[in-house]
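Asker: The numbering of the sequence shown is UniProt numbering, which starts it at 1 and goes up by one. A virtual CB, placed ideally from N, CA and C, is assigned to each residue, including glycine. Nothing here was measured: the structure is a model prediction, and the numbers come from that model.
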Amino acid sequence: MSLTPALSLYRRSLKLSLDWAVHRSVWRGQAVYIRSLFEANKDVRDPRQQQVLLRETEKILEEWKHPDPYRHPTAPGGNKWERNLPARILPYAAPPAAH
1 MSLTPALSLY
11 RRSLKLSLDW
21 AVHRSVWRGQ
31 AVYIRSLFEA
41 NKDVRDPRQQ
51 QVLLRETEKI
61 LEEWKHPDPY
71 RHPTAPGGNK
81 WERNLPARIL
91 PYAAPPAAH
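1) Quick check: the Cα distance between Pro91 and Glu63, rounded to an integer number of angstroms?
2) Is the separation between the beta-carbon of Leu14 and that of Glu58 shorter than 9 Å?
3) Short of 7 Å in beta carbon distance, which residues of its chain neighbour Ala31, apart from the five on each side in sequence? Order them along the chain.
4) Sorted by chain position, which residues of the same chain lie with C-beta nearer than 7 Å to Asp19's C-beta, five sequence neighbours on each side aside?
5) DSSP three-state label for Lys15, please.
6) Is the CB-CB distance between Ala6 and Leu61 below 9 Å?
7) May I ask which residues mark the beginning and end of the alpha helix (DSSP H) holding Gly29?
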């Protein structure tokens, strides 16, 4: 298979499976299975067959996409993104008028 698209799909499939797995021990079994699927097709040299395999894999990844993917807490969109930012310095307001 062509190396770059296959590697990209392999990485995306591993990240996608990590979205679905709760524990790393569960995910590791899935990662080994995904690796075996890619290894089974590593000797395909026909460009047409490679394109068919890549399209099928893209389709499978789209079907299995997680509706709420995992995001690292401090990454944009994570639950700690921009938490505890330093307070903005506001211009001083006029003191309240005395009665």
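Answerer: On the basis of the supplied data:
1) 53 Å
2) no
3) Leu14 and Ser17
4) His66, Pro69 and Tyr70
5) helix
6) no
7) Arg24 to Ala40
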